[in-house]
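For reference, the structure discussed in these notes is given below.
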Amino acid sequence: MLKICDKKVFLWFIMAIAVFIRLYPINGLTKGSITFNAGDGLFVSSAITMQSLWNAASDQISKDQAALRYIILHFFLFFGRDEFIIRFPAFLFGIASIYLTYLLGKSLFSHSVGLLSSFLLSLSPWHIHHSCYSEMYTLYVFFSLLSAYCFYNILINDSLWLKISFVLSSLLGFYSFHPFICVIFSELVFFVFFCRKKYREKHIFVLFLIIAVFLSPALENISKAFLWKKDFGDYSWGWGLWELFPELLSTFGGLTKFVPLNVFIFLFGFAIISKESVTKRKGIFLLLLIFIPLFFFLACFLLFKMNITGRYFLFIYPYFIVVAAFGIVHIKKRKIGAFLVFLFNVSLILLFLGKAGLATTKYIPYDYMRRDVDFNFLAKYLFDNYREGDVVVIEQQTGIFALQYYLDKNNLYPVKLVSPYCGKDKFYYRYDGDRIKNLFGLIEFDQTPQRLEKIWRSYNRLWLIDLDHLSYADSQGKIQAWINENYSRKTTVHGASIYLFGDNNKKKEMVRKGEDYKCDKLICFLDCKGGVWNILYPFQKK
284 MLKICDKKVF
294 LWFIMAIAVF
304 IRLYPINGLT
314 KGSITFNAGD
324 GLFVSSAITM
334 QSLWNAASDQ
344 ISKDQAALRY
354 IILHFFLFFG
364 RDEFIIRFPA
374 FLFGIASIYL
384 TYLLGKSLFS
394 HSVGLLSSFL
404 LSLSPWHIHH
414 SCYSEMYTLY
424 VFFSLLSAYC
434 FYNILINDSL
444 WLKISFVLSS
454 LLGFYSFHPF
464 ICVIFSELVF
474 FVFFCRKKYR
484 EKHIFVLFLI
494 IAVFLSPALE
504 NISKAFLWKK
514 DFGDYSWGWG
524 LWELFPELLS
534 TFGGLTKFVP
544 LNVFIFLFGF
554 AIISKESVTK
564 RKGIFLLLLI
574 FIPLFFFLAC
584 FLLFKMNITG
594 RYFLFIYPYF
604 IVVAAFGIVH
614 IKKRKIGAFL
624 VFLFNVSLIL
634 LFLGKAGLAT
644 TKYIPYDYMR
654 RDVDFNFLAK
664 YLFDNYREGD
674 VVVIEQQTGI
684 FALQYYLDKN
694 NLYPVKLVSP
704 YCGKDKFYYR
714 YDGDRIKNLF
724 GLIEFDQTPQ
734 RLEKIWRSYN
744 RLWLIDLDHL
754 SYADSQGKIQ
764 AWINENYSRK
774 TTVHGASIYL
784 FGDNNKKKEM
794 VRKGEDYKCD
804 KLICFLDCKG
814 GVWNILYPFQ
824 KK
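Taking the numbering used here, the leading residue of the sequence shown gets 284, the next gets one more, and so forth.
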């Protein structure tokens, strides 16, 4: 058995490792460019007032997004807009979630299980990546663990502090990620059906009632989000039906180009937990926290055709690891041989299935590790190559704000104009509708070649940026046909295809007639400087 001092040393060692291997990838693993959604998050988080921030997060960027992560980033932006600052909240909550994993494993089982659980999570490439990821998915992992830890300890320790922490963590978790309600429901199911009668005290029901009261104002938004996501039909991201089984296995363990061994270690751990009456209910508690959210997402995916991807399951992963850690800690020496034989045979079977395309061959889902469009390089490329009178059109609206971030960061704007839609004291802008189409000249799902032609005729040269999503917006191929017929040069720059449409004769004729124009901006974007929202126009009359 480990001594108390040894346990503290091991814990500090694990936390030190976790900090180092998460700080380093901030300049390595995800270095180069923030992502599409991160640009949206920056746009929302930069709102001037808290009311405008809440409104923007609630319905102006995405109807299914909870507001808390934008609010947190809003305050971090007071320290600057560097990429390290943008990613630091995810790092902070990632480290805190590792410590909470230790506390949960310790309170449920033992110090050894807590230490091993935190160690396994600290080395998880999946968790490492999201601890460096600018979208802050580790936030709801943190609140999920805090809620579960406080709830379990309330059952055995009547502490006012634990009760307050349970209610707050549950509410904040929900307002950071709406499907967090599955965690609350899992805890309620365990309390009603699996707790011993002596623990079923009225004050715990009151806690759930308080949570329900504070969640009720968001029910309308949840309903709207559900209807918006139902039959979403955007297959440019998320899993396809054929990817469901292999990606789930890949998400919850395995080795590169091998088989998902962690799944079987998990099953082994749960089998050992179930054998002992003392730990059986604890195993059921963890199992509910894993499978109720899992079934919820699968139901949304299979029944309502909603898009899902691996990051949605991130808050389930620590519970999975705790069960696996319990199994590893309790492997007795005389059983190690039998266990290894079992694991070897199952591995051979799954290796065969993997060759047949029925099991995973990756450790981490591809969309987490790949570097998509490098908006930093793209911004510099555009600025270095545009001429007076050019206009830049981007085909995906979620890429606007990521590109705008690097244009602003590198000071690539000559002039800025105050927006007629925005003022110092209020923020008013809607992400959808005709305004953004007129403002930015985007290729939306309903755009036509005629609109591109009109934009091109208004300026000298047209730069069209395809972020590998044009094929989804142009199902009939009309836009692509127009592009192929008219573009003069195509360049691929770090994940983006850039089409250049040459000099416009109509523009030259206007210049010859004395109608002189001056290019003030590179691209149509929103920017926030000095507390004022600005619209950056690509072309303005002198």
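The beta-carbon is built from N, C-alpha and C at its ideal position, and this holds for glycine as well.
In this chain, the alpha helix (DSSP H) harbouring K389 covers 366–391. According to the DSSP assignment, A764 belongs to no beta strand (DSSP E) but to the alpha helix (DSSP H) extending over 761–769. By the Cβ-count criterion, S400 is buried, with 16 or more other Cβ atoms from all chains shown falling within 10 Å of its own Cβ. Cβ-Cβ distances below 7 angstroms link V450 to L490, I493, I494 in the same chain, with the five nearest sequence neighbours on each side left out; the list follows chain order.
Pairing S771 with L783, the inter-Cα distance amounts to about 6 angstroms.
With respect to the 8 angstroms criterion, S380 and P576 are not classified as neighbours on the basis of their beta carbons. When only Cα atoms are considered, S417 and I369 end up about 6 angstroms apart. Here DSSP, grouped into helix, strand and coil, assigns L429 to helix.
In the three-state scheme derived from DSSP, where H, G and I count as helix and E and B as strand, D749 is classed as strand. In this structure the region 424–443 does not touch the region 320–327; the number of beta carbon pairs closer than 8 angstroms is below three. For T775, no alpha helix (DSSP H) encloses it; the enclosing beta strand (DSSP E) starts and ends at 772–776. In the structure shown, the three-state DSSP call for A607 is helix.
Beta-bridge pairing by DSSP links I677 to I748. Shown here for F425: same chain residues with a beta carbon closer than 7 angstroms to its own, the five before and five after excluded, namely F376, A379, S380, L383 in chain order. In this structure, the beta-carbon distance from V605 to V466 does not fall below 8 angstroms. I591 sits in coil when the DSSP states are folded into three classes, being neither helix nor strand. The C-beta of L403 has 16 or more other C-beta atoms within 10 Å across all chains shown, which makes the residue buried. Secondary structure at A301: helix, using DSSP grouped into helix, strand and coil.
Looking at the DSSP output, Y782 bridges to L747, K773.
In the same chain as L428, and ignoring 5 residues on each side of it, the C-beta atoms closer than 7 angstroms to its own belong to S380, L383, T384, L387, P601, in chain order.
Secondary structure at C415: coil, using DSSP grouped into helix, strand and coil. With respect to the C-alpha of Y689, the residue from A321, F296, Y307 having the closest C-alpha is A321. The DSSP assignment places 464–476 as complete runs of the alpha helix (DSSP H) inside the region 454–483, in order along the chain (cut-off: 4 residues). In the displayed model, G363 falls within coil according to three-state DSSP, outside both helix and strand. Relative to the Cα of I573, the nearest Cα in the group A299, M589, Y595, F584 belongs to Y595. Using a Cβ distance threshold of 8 angstroms, V656 and L571 do not count as a contacting pair. Between the alpha carbons of L306 and Y669 lies a gap of roughly 36 angstroms.
The residue from N659, S442, L406, M419 with its alpha-carbon nearest to that of A685 is N659. Excluding its 5 nearest sequence neighbours in each direction, K446 has C-beta neighbours in its own chain below 7 angstroms: I437, L490, listed in chain order. Distance from the Cα of F609 is smallest, within the candidate group L398, F361, A350, for L398. DSSP places R352 within a helical segment (H, G or I) once states are collapsed to three.
Within the same chain, and ignoring the five residues on either side of V302 in sequence, the residues whose Cβ sits closer than 8 angstroms to its Cβ are I378. Per the C-alpha coordinates, the member of I317, I297, F293, K291 positioned closest to A662 is I317. Between L597 and L455, the gap from beta carbon to beta carbon reaches 8 angstroms or more. Going by C-alpha positions, F463 is about 22 angstroms away from R564. DSSP places E671 outside both helix and strand once states are collapsed to three, so it counts as coil.
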